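Heads up: the protein sequence lines correspond to chains A and B, in order. Per this note's numbering: the first sequence = residues 34 to 366. Per this note's numbering: the second sequence = residues 34 to 366. Ideal Cβ placement from N, Cα and C applies to all residues, glycine included. These numbers come from a predicted model, not from an experiment. Everything on this sheet refers to the single structure shown next.
Protein chains: 2
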Amino acid sequence: MTSLVQAMLAGDRRALSRVITRVENDGPEARSLLAKIYPHTGNTHVVGITGAPGTGKSTLVNSLTQAYRRLEAPPKVGIIAIDPTSPFSGGALLGDRVRMQEMAGDRGVFIRSMATRGSLGGLARATADVALVLDAAGFSRILVETVGVGQAEVDIADMAHTTIVVEAPGLGDEIQAIKAGVLEIADIFAVNKADRDGVNKTVMSLEMMLGTSMLLVSHHGKVMKVAGAGDAPGWKPPIVKTIALRGDGVEELLQTIERHRAYLLQAGMLQQREAERLRHVLLNVIEDDLRQRFFQRVGEQAFRKMVVRLLAREIDPYTAAEMLLQGESRNSR
Amino acid sequence: MTSLVQAMLAGDRRALSRVITRVENDGPEARSLLAKIYPHTGNTHVVGITGAPGTGKSTLVNSLTQAYRRLEAPPKVGIIAIDPTSPFSGGALLGDRVRMQEMAGDRGVFIRSMATRGSLGGLARATADVALVLDAAGFSRILVETVGVGQAEVDIADMAHTTIVVEAPGLGDEIQAIKAGVLEIADIFAVNKADRDGVNKTVMSLEMMLGTSMLLVSHHGKVMKVAGAGDAPGWKPPIVKTIALRGDGVEELLQTIERHRAYLLQAGMLQQREAERLRHVLLNVIEDDLRQRFFQRVGEQAFRKMVVRLLAREIDPYTAAEMLLQGESRNSR
Numbered sequence: 034m035t036s037l038v039q040a041m042l043a044g045d046r047r048a049l050s051r052v053i054t055r056v057e058n059d060g061p062e063a064r065s066l067l068a069k070i071y072p073h074t075g076n077t078h079v080v081g082i083t084g085a086p087g088t089g090k091s092t093l094v095n096s097l098t099q100a101y102r103r104l105e106a107p108p109k110v111g112i113i114a115i116d117p118t119s120p121f122s123g124g125a126l127l128g129d130r131v132r133m134q135e136m137a138g139d140r141g142v143f144i145r146s147m148a149t150r151g152s153l154g155g156l157a158r159a160t161a162d163v164a165l166v167l168d169a170a171g172f173s174r175i176l177v178e179t180v181g182v183g184q185a186e187v188d189i190a191d192m193a194h195t196t197i198v199v200e201a202p203g204l205g206d207e208i209q210a211i212k213a214g215v216l217e218i219a220d221i222f223a224v225n226k227a228d229r230d231g232v233n234k235t236v237m238s239l240e241m242m243l244g245t246s247m248l249l250v251s252h253h254g255k256v257m258k259v260a261g262a263g264d265a266p267g268w269k270p271p272i273v274k275t276i277a278l279r280g281d282g283v284e285e286l287l288q289t290i291e292r293h294r295a296y297l298l299q300a301g302m303l304q305q306r307e308a309e310r311l312r313h314v315l316l317n318v319i320e321d322d323l324r325q326r327f328f329q330r331v332g333e334q335a336f337r338k339m340v341v342r343l344l345a346r347e348i349d350p351y352t353a354a355e356m357l358l359q360g361e362s363r364n365s366r
Numbered sequence: 034m035t036s037l038v039q040a041m042l043a044g045d046r047r048a049l050s051r052v053i054t055r056v057e058n059d060g061p062e063a064r065s066l067l068a069k070i071y072p073h074t075g076n077t078h079v080v081g082i083t084g085a086p087g088t089g090k091s092t093l094v095n096s097l098t099q100a101y102r103r104l105e106a107p108p109k110v111g112i113i114a115i116d117p118t119s120p121f122s123g124g125a126l127l128g129d130r131v132r133m134q135e136m137a138g139d140r141g142v143f144i145r146s147m148a149t150r151g152s153l154g155g156l157a158r159a160t161a162d163v164a165l166v167l168d169a170a171g172f173s174r175i176l177v178e179t180v181g182v183g184q185a186e187v188d189i190a191d192m193a194h195t196t197i198v199v200e201a202p203g204l205g206d207e208i209q210a211i212k213a214g215v216l217e218i219a220d221i222f223a224v225n226k227a228d229r230d231g232v233n234k235t236v237m238s239l240e241m242m243l244g245t246s247m248l249l250v251s252h253h254g255k256v257m258k259v260a261g262a263g264d265a266p267g268w269k270p271p272i273v274k275t276i277a278l279r280g281d282g283v284e285e286l287l288q289t290i291e292r293h294r295a296y297l298l299q300a301g302m303l304q305q306r307e308a309e310r311l312r313h314v315l316l317n318v319i320e321d322d323l324r325q326r327f328f329q330r331v332g333e334q335a336f337r338k339m340v341v342r343l344l345a346r347e348i349d350p351y352t353a354a355e356m357l358l359q360g361e362s363r364n365s366r
């Protein structure tokens, strides 16, 4: 196993693929691999790319990767495409993945798409693990793309040094409304499909929201303070117009990411974001462990029996949880 | 506190509001309230209503509620509107909530909207708790509406007896693609905004997907078996066209929900879904407890110190988790 890690660290792509597969399979072997790999990490910049469906995130990730690879000293770029919706939508997104395979000939690019039936927490942890492997393997830029609206966006922000929220003109009013929720996490906005009608309206409404983001009134009537996008005083999220299909604006987007990284470094915030990232990684591992240990100690059968009692209304869920957890501590070492 | 529960069970609306607020605030008092309430539950039918942004879910929930209330023996209807995206998007969805308040004069309708910064798990648990309260208070139909794509949909299906997936014509290709992921959870499809162009195309593509849902090829090239929508053999998810704003098709949707309930009862599956629901409720409570107990025993400071060591690459996340958990069992009773 050590030789596999050594081969991976030396740049062997097949070893890299195998390590990632083993890490994804989880279990004790994965942990021992990650423990070996971890000291070699800490040299990458993770860029989270998120936004509503239909904004063209995948195409943008493609173009951005190619732009990085055209640099004079091109970094190795890892792409992690997360689809938290369902394993089945994987098929539907086939087109995007096929397009990504166009870059498969470039040995400086590594693409992994991930989908799971499991909890979002499980997916977040698996993504963090794969990012650690790519980091150790010398991929100094990692693009994490997620299809989705909602919690997935927040999870990606927890995991990234720089978060790009992708918008596009003409996606309908309700989708526009969701923007309010992503103001907190965006370090950069990309308005993609900028050749479409309504692009200026989209840019203007973003600018307006950024301007007014300091005070928002919740639907309970409470006035809530927003700390400012990305919690980074001195950084106002730039809005970059792109047409990812043609590559327009993509180099500017790349420069904006690098500017954000330089800003974080200078402001001493890169370290802080890295600590926040690692806090989440650790928390994910611990929560997984706690759940696993619980079921090992209590047993699936005792749990199922309790559900039957719940169904009969013999007991309530809180008392049931208490009883199972008491039983757990009695049986524990 | 007992008198508060008694007042709530007797139909006092103010008592109901107060109980729900206390339950949402969590803590020992909430648990003791829920333990008292639980024996009075088990008499409701929970309908989950989900779908992509822009499909008009809120309007449909409104119309459906009014249709229920127009029945000869109208059930009391509870509405739980979940917005997992962010507390801040609450403001943007204000319009929908205001519209819902139009029904506030009807004492047979109770509306609660929920949003949280916390984990999706936390939101799922809070929603389940509020549903228990409404159940005990005699609301025999509960409509749980969620804005969102992704994990929220799966969570809602875990919580509902009947899951309605709302679609609408002309939402763009990528949104259509996401449908593949919801085939597993839909008991009923509502194609809303059925006066729009492309409605037949939407219905046809749904029918096609339902027809071919038995075999799907993932993007890894693996052929995956789909157990069939809602895991209910003998029930093919009906597709109901609606124009919620005008109330068109809404009574048919209501009848379809009731048909699904009758089907579940007859097939002995209502009990099974109820057990599945309770299993998730119990699991949520246990996971919360495990996390809380961990932090109580280990302490936030020890956790933070470990993050600093992670940052310095002195230790890896797996060893760190192991050490914290070992410390935990040493300090435990």
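Distance from T160/B to M136/B at the Cβ level is roughly 20 Å; contact not present, criterion being Cβ atoms closer than 8 Å.
With 16 or more other Cβ atoms inside 10 Å of its own Cβ, K90/B counts as buried.
L49/B and V142/B have their C-alpha atoms some 12 Å from each other. Between L176/B and V80/B the beta-carbon gap is near 5 Å, inside 8 Å, which marks them as a contact. For R51/B, the CB contacts under 7 Å within the same chain, skipping 5 residues up- and downstream, are L37 in chain order. With its beta carbon at least 8 Å from every one in chain B, R229/A lies outside the interface. Less than 8 Å divides the Cβ of V110/B from the Cβ of F172/B. Between the region 278-285 of chain A and the region 321-329 of chain B there are fewer than three C-beta pairs closer than 8 Å, too few to call the two in contact.
R324/A belongs to the set of residues whose beta carbon lies under 8 Å from a beta carbon in chain B. Between the alpha carbons of E355/A and I113/B lies a distance of about 27 Å. C-alpha of R140/B to C-alpha of A106/B: approximately 15 Å in a straight line. For G360/B, no CB of chain A lies under 8 Å from its own CB, so it is not counted at the interface with that chain. Distance from the CA of L357/B to the CA of A170/A, rounded to the nearest whole angstrom, comes to 28 Å. Residue state for D220/B is assigned as coil, using DSSP reduced to three classes.
Between the C-alpha atoms of L311/A and T54/A there is a straight-line separation of about 22 Å. Sequence-distant Cβ neighbours of T289/B in its own chain, meaning closer than 6 Å and more than five residues away, are I221, P271, V273.
Cβ-Cβ distances below 6 Å link I348/A to R342 in the same chain, with the five nearest sequence neighbours on each side left out; the list follows chain order. Closer than 8 Å to the CB of I319/B there is at least one CB belonging to chain A. If you check each beta-carbon in the region 42-53 of chain B against every beta-carbon of chain A, none falls closer than 8 Å. By the beta-carbon neighbour count (other beta carbons within 10 angstroms, threshold 16), L156/B is buried.
DSSP, reduced to helix, strand and coil, places I70/B within a helical segment of the structure shown. Beta-carbon to beta-carbon, R46/A and P108/A are separated by about 16 Å, too far to satisfy the 8 Å threshold. When rounded, the separation of the alpha-carbon atoms in G360/A and R145/A is 42 Å.
With contacts defined by Cβ atoms closer than 8 Å, T179/B and I115/B form a contacting pair. By a beta-carbon distance limit of 8 Å, T92/A does not contact L165/A. Their separation comes to about 27 Å. Here the alpha carbon of N317/A sits roughly 16 Å from the alpha carbon of N317/B. Apart from the 5 residues on each side of it in sequence, I197/B sits with its Cβ closer than 6 Å to the Cβ of I82, I221, A223 in its chain, given in chain order.
Under the DSSP assignment, E105/B falls outside any alpha helix (DSSP H); it carries neither an H nor an E label. A Cβ-Cβ distance of about 16 Å is found for the pair L66/B and A353/A, leaving them out of contact under the 8 Å criterion. If you compare the alpha carbons of G332/B, H313/B, F336/B with that of F336/A, the shortest gap goes to H313/B. The alpha-carbon separation between R346/B and M242/B amounts to approximately 49 Å. K274/B carries a strand assignment under DSSP once its states are collapsed to helix, strand and coil. Using a CB distance cut-off of 8 Å, E307/B counts as an interface residue toward chain A. Closer than 7 Å at the C-beta level to chain A, one finds these residues of the region 335-354 of chain B: M339, V340, L343, L344, R346, D349, P350, Y351, T352, A353, A354. Residues D191 of the same chain have their beta carbon placed closer than 8 Å to that of E309/B, with the five preceding and five following residues left out of the count. Nearest Cα to G87/A within the set P202/A, M41/A, M147/A, N233/A: P202/A.
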